[in-house]
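Engineer: Numbered according to the working numbering, the sequence shown terminates at residue 460, and the numbering increases by one at each position without gaps. Glycine included, every Cβ here is placed at the ideal spot set by N, Cα and C.
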Amino acid sequence: MPRVLFLCFIVIAILVIVQGQTYGPTRAYNDSLSLTETNATNTTGTRAVPTLQLVILVARHGSRGSVFSFPSSRYQSNDRSVWPYGFGELTQRGRTQMYKLGEKVRSIYNGFLDSTYRSVDFKALSSPSGRTIQSAELFLAGLFPPHGFQVWNQDLLWQPIPVFPSFLDHYKMVFIKGNSQCPRFTEAQTNSLLEFDKLYDAFLTSFLEYVLPHSGIDEETVQKSYDNLYRLQIVILLWESLNNEAENGLPLPDWASEIYPEPLTSLYVALQRVIIAGSADQIKYLQGELFQELVGLMQSKANNTLSPNRRMYYYSAHDYTLLALLAMLGQQAVDEVKYVNTGSALIYELHRHASTGRFYIQVLYIDGHGDLVPIEINISECESPCDFEQFLKTTEQYSNITNWEEECHLGPATA
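Shown next, in the form of structure tokens:
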């Protein structure tokens, strides 16, 4: 049944892009482009070096509408005049973000990845979420604009490229008091959150004294649902509302200037790290299966057993996904990124040394709110360029999963 729903999402996403004249890269969106000519540059991308063998890119979806708005907010999440696509759906900004990210990836890997889409060279996957599926379609529109024989509609600079389902991203487990499929993760997360709540006790008390009267959030109602973690949930609700409003250019109320962007941003960033990466068990059972797949693709490439022998994989995902994957690389990697903005991407590059033949890894990050210039991410206990075998040893504790469901129902690992 989840796969049937996923396919329905894909059909809807494609129809929206084809029919909506302002939703995708149509003539109105790119009026300087000729639909009968290629816009693919002949310039070799800066990352398209001879040693490069495989690229795996994991990106957060584009900017979206709020899924929660505090009671006193002028921008309620169900207000279609504010969020015309609906709550939690990609905004116009988010659609542009993902299209531009696709263009950027094309520019830096052009020459390594052919400008003509072929399934034997490239594969796109997405979590079963509407905004990630749409983000993938928009990214692909920027990455593979049709040219030559690929132009099937003279009025539309777009071609259909499949997006396959990925069910290994367990992002839904992160929600506090959520319906977790993995008790081992939930127990570890709860312990981490209780420690965080205790550590920030004095600050949370004064923080809520200020925000509750202004926001209209009913403390007792939240407490009934979240018990002794209710204060942390209020922080999440405030961030969800204020940050999405600010990101999409909506003026915030005057009282919010006392807490946003600071200290709310720093508080939320610290809290999010605890929610996702507060312990090794949290990291492993949240994104270990997905990481295991990524590592498997790299190993197959290195062993010359990857079939089809693709050059690039793209995963459309969430901030929770990228943060957990960053945590697997070590604390320095998490500190370098701080917060995973919408439209950001984590890139794994597998290289083969020209003279020794040994494989090595480089990890890059593109900030979706910046100039989209990739920066290199440091890997714990592995100097750059990181030897591939050393990379596998460093991250083995997270990818070493035999049966995710069975392990999730076991108790915490003992020393």
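(1) Please say whether isoleucine 320 and glutamine 234 have beta carbons closer to each other than 8 Å?
(2) Is it buried or exposed, tryptophan 203, if we count other Cβ atoms within 10 angstroms and call 16 or more buried?
(3) Do you know how far the Cα of arginine 151 is from the Cα of phenylalanine 189?
(4) Let me confirm a value: aspartate 272 is counted as buried when at least 16 other C-beta atoms fall within 10 Å, else exposed. Which label applies?
(5) Secondary structure at asparagine 348, three-state DSSP: helix, strand or coil?
(6) When DSSP labels each residue in this structure, what does valine 94 get in the three-state scheme?
(7) Name the DSSP bridge partner or partners of phenylalanine 336?
(8) To the nearest angstrom, how far is it from the Cα of leucine 135 to the Cα of threonine 401?
(9) Given tyrosine 130, which residues of its chain have a CB within under 8 Å of its CB, disregarding the five upstream and five downstream residues?
(10) Do the segment 236-256 and the segment 302-320 touch if we need at least three Cβ pairs shorter than 8 Å?
(11) Quick check: the segment 101-120 against the segment 377-395, are at least 3 beta-carbon pairs closer than 8 Å?
(12) Per the DSSP calculation, arginine 397 is bridged to which residue(s)?
(13) For alanine 369, count neighbouring Cβ atoms within 10 angstroms of its own Cβ and tell me buried if that reaches 16, exposed if not.
(14) Taking DSSP as the reference, what is the three-state secondary structure of glutamate 428?
(15) Just the C-alpha distance for glutamate 82 and histidine 192, rounded to the nearest angstrom, thanks.
(16) Is tyrosine 120 helix, strand or coil when you go by DSSP?
(17) For proline 419, which of Gly388, Thr161, Lys438 and Phe436 has the nearest alpha-carbon?
(18) As a quick exercise: from Thr96, Gly375 and Tyr330, pick the residue whose alpha carbon is nearest that of histidine 454.
(19) So, do the segment 152-162 and the segment 113-130 have three or more beta carbon pairs nearer to each other than 8 Å?
(20) Can you say whether threonine 266 is buried or exposed, counting buried as having 16 or more other CB atoms within 10 angstroms of its CB?
(21) Sort Ser108, Ala362 and Leu277 by Cα distance to leucine 335 and report the nearest one.
(22) Do leucine 437 and glutamate 421 have their beta-carbon atoms positioned less than 8 Å apart in this structure?
(23) First and last residue of the beta strand (DSSP E) that includes phenylalanine 113?
(24) Quick check: the Cα distance between threonine 440 and leucine 371, rounded to an integer number of angstroms?
(25) Measuring straight from C-alpha to C-alpha, what distance separates asparagine 75 and leucine 185?
(26) Where does the unbroken beta strand (DSSP E) through leucine 170 begin, and where does it stop?
(27) With distances taken from CA atoms, which of Leu97, Ser211, Gln179 and Arg356 is nearest proline 430?
(28) Across which residues does DSSP place isoleucine 411 in a beta bridge pair?
(29) Take the Cβ of phenylalanine 194 as the centre, count every other Cβ of all protein chains shown within 10 Å, and call the residue buried at 16 or more, exposed below.
(30) Quick one: give me the first and last residue of the alpha helix (DSSP H) that alanine 362 is part of.
Structural biologist: Looking at the atomic coordinates:
(1) Sequence index remark: in the sequence shown, residue 234 carries index 189 (1-based). Sequence index remark: in the sequence shown, residue 320 carries index 275 (1-based). Their beta carbons are under 8 Å apart, which means glutamine 234 touches isoleucine 320 by this criterion.
(2) The count along the sequence shown starts at 1 and reaches residue 203 at position 158. A residue is called buried once 16 or more other Cβ atoms fall within 10 Å of its Cβ, and tryptophan 203 is buried on that count.
(3) Position 144 of the sequence shown holds residue 189. Position 106 of the sequence shown holds residue 151. A straight-line Cα-Cα distance of about 8 Å links phenylalanine 189 and arginine 151.
(4) By one-based count along the sequence shown, residue 272 stands at place 227. Classification for aspartate 272: exposed.
(5) Position 303 of the sequence shown holds residue 348. The answer is coil: DSSP assigns asparagine 348 none of H, G, I, E or B.
(6) As a first step, residue 94 is located in the sequence shown; it is residue number 49 there, counting from the start. Valine 94 falls in the coil class under three-state DSSP.
(7) If you number the sequence shown from 1, residue 336 lands on position 291. When DSSP reads this structure, phenylalanine 336 sits in no beta bridge, so it has no partner.
(8) Here residue 135 corresponds to residue number 90 of the sequence shown, with the count starting at 1. Here residue 401 corresponds to residue number 356 of the sequence shown, with the count starting at 1. For leucine 135 and threonine 401, the distance between alpha carbons rounds to 46 Å.
(9) Position 85 of the sequence shown, counting from 1, holds the residue named residue 130. Correct list, in chain order: Gly110 and Thr136.
(10) yes
(11) Verdict: yes, contact present.
(12) Taking the sequence shown and counting its residues from 1, the one referred to as residue 397 is at position 352. Per the DSSP secondary-structure output, arginine 397 pairs in a beta bridge with Phe404.
(13) On the sequence shown, residue 369 is found 324 positions in, with the first residue counted as 1. By the 10 Å Cβ count, alanine 369 comes out buried.
(14) Residue numbering aside, residue 428 sits at position 383 when the sequence shown is read from its first letter. Looking at glutamate 428 - three-state DSSP - the assignment turns out to be coil, as it is neither helix nor strand.
(15) Position 37 of the sequence shown holds residue 82. Position 147 of the sequence shown holds residue 192. Only weak support exists for where glutamate 82 lies, its pLDDT of 37 falling under 50; the value from the coordinates is given anyway. Whole-angstrom Cα-Cα distance: 6 Å.
(16) As a position in the sequence shown, residue 120 is number 75, starting the count at 1. Looking at tyrosine 120 - three-state DSSP - the assignment turns out to be coil, as it is neither helix nor strand.
(17) In the sequence shown, the residue the question calls residue 419 occupies position 374. When each option's Cα is compared against that of proline 419, the closest is Gly388.
(18) Taking the first residue of the sequence shown as 1, we reach residue 454 at position 409. Histidine 454 has its Cα closest to that of Tyr330, out of Thr96, Gly375 and Tyr330.
(19) no
(20) Residue numbering aside, residue 266 sits at position 221 when the sequence shown is read from its first letter. Answer is exposed; the Cβ neighbour count stays below 16.
(21) As a first step, residue 335 must be located in the sequence shown, where it is residue number 290. Among Ser108, Ala362 and Leu277, the Cα nearest to that of leucine 335 is on Ala362.
(22) On the sequence shown, residue 421 is found 376 positions in, with the first residue counted as 1. On the sequence shown, residue 437 is found 392 positions in, with the first residue counted as 1. Not closer than 8 Å, so no.
(23) Your numbering for residue 113 matches position 68 in the sequence shown. Run containing phenylalanine 113: none; DSSP gives neither H nor E here.
(24) The count along the sequence shown starts at 1 and reaches residue 440 at position 395. The count along the sequence shown starts at 1 and reaches residue 371 at position 326. Separation of threonine 440 and leucine 371 (C-alpha to C-alpha, rounded to the nearest whole angstrom) is 11 Å.
(25) Taking the sequence shown and counting its residues from 1, one reaches residue 75 at position 30. Taking the sequence shown and counting its residues from 1, one reaches residue 185 at position 140. Any reading at asparagine 75 needs caution, since the residue's pLDDT is 36, under 50, leaving its predicted position unreliable; the model's value is listed next. Going by the C-alpha atoms only, they are around 15 Å apart.
(26) The residue given as residue 170 occupies position 125 in the sequence shown. Start and end: 167-171.
(27) For this step, residue 430 is matched to residue 385 along the sequence shown. Out of Leu97, Ser211, Gln179 and Arg356, Leu97 has the C-alpha closest to the C-alpha of proline 430.
(28) Along the sequence shown, one-based indexing puts residue 411 at 366. Looking at the DSSP assignment, isoleucine 411 forms a beta bridge with Ala390.
(29) On the sequence shown, residue 194 is found 149 positions in, with the first residue counted as 1. Exposed, because fewer than 16 other Cβ atoms sit within 10 Å of the Cβ of phenylalanine 194.
(30) Residue 362 sits at position 317 when you count from the first residue of the sequence shown. Here alanine 362 belongs to no alpha helix (DSSP H); instead the beta strand (DSSP E) covers 357-362.
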